[in-house]
Amino acid sequence: MSTQTKKKLSPKEWVIDIIWITISAALTAVTVNLFFMHTDLAPGGLTGLAIILSTITGIPLEYMTLVVSVPLLILGMIFIGSKFGIKTLYITLMIPVFIKIVPKVNLMATLPFIVQLIIAMIVGGLLIGLSIGIALRHDCATGGTDLLAVLIKKIIKIGEIPTIVFICDGLIIIFSGFIAKNVLVSVFSFLTLMIIIPTIKISSGQGLKKKSETAEKV
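Heads up, the numbering used here is the position in the sequence shown plus 565, with the first residue counted as 1.
Below is the structure:
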């Protein structure tokens, strides 16, 4: 865990963290509303799961995001700690708020579907990776499958965290293909995940190391 998480944060540090975490939540909502939901891309994560469940049930995406995130968040606050938990709670609540606010406009509607997939893969992958990287840099989890993996490792005590994340995201990608009834969606969801991962590494700096240390201390 980072030094920032260990020591008591000053009011200024809290404000700075909250501003950046808010930006992270907004980026996630922009990516989902403008790119992913119009192409059915679900490159892993709980947001991807929320997209799938929203498509199946017809429940608005902003509400489905809360349904899949809040229970996990409560467990995260219990098992990971208050500072980390408070920030993660904040971003988990803010993402559906921004999803509700940001217009669900398909800017790519006039383009062939394959072109829409390519644009969503590249732009969406970069934006989501940047969003997660920003959150990690400020000692916060986006409430995704990474947090789920930590909790599974802690509570059930099976598997390694990277393996659990890979399995969870892989299943979400497979299901996204079934829902869309288009193998291209699964392929592009996987390719999007391949863009997200290096973008996280670049944008988070030492964020992944901090997150790894957090997981080890849980």
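Glycine residues also receive a C-beta, built at the ideal position from the N, C-alpha and C atoms. Here the structure is a predicted model, which is why all the values come from computation and not from measurement.
Taking the Cα positions, V597 is about 11 Å away from P608. Taken through DSSP and simplified to helix, strand or coil, A594 comes out as helix. Pairwise C-beta distances place the region 730-743 in contact with the region 601-617, as three or more of them are shorter than 8 Å. By the neighbour-count definition (other C-beta atoms within 10 Å, threshold 16), V633 is a buried residue. Under the 8 Å Cβ criterion, the region 712-721 counts as touching the region 641-655, having at least three qualifying pairs. Here DSSP, grouped into helix, strand and coil, assigns L654 to helix. Within the same chain, Cβ atoms closer than 6 Å to the Cβ of Q681 are found at T604, M673, the five residues on either side in sequence being excluded. Sequence-distant partners of M686 (beyond 5 residues in either direction) whose C-beta falls short of 6 Å from its own C-beta, in its chain, are F753, L756, T757. Ranked by how close their Cα comes to the Cα of A594, the residues I744, T620, I583, I666 have I666 in first place.
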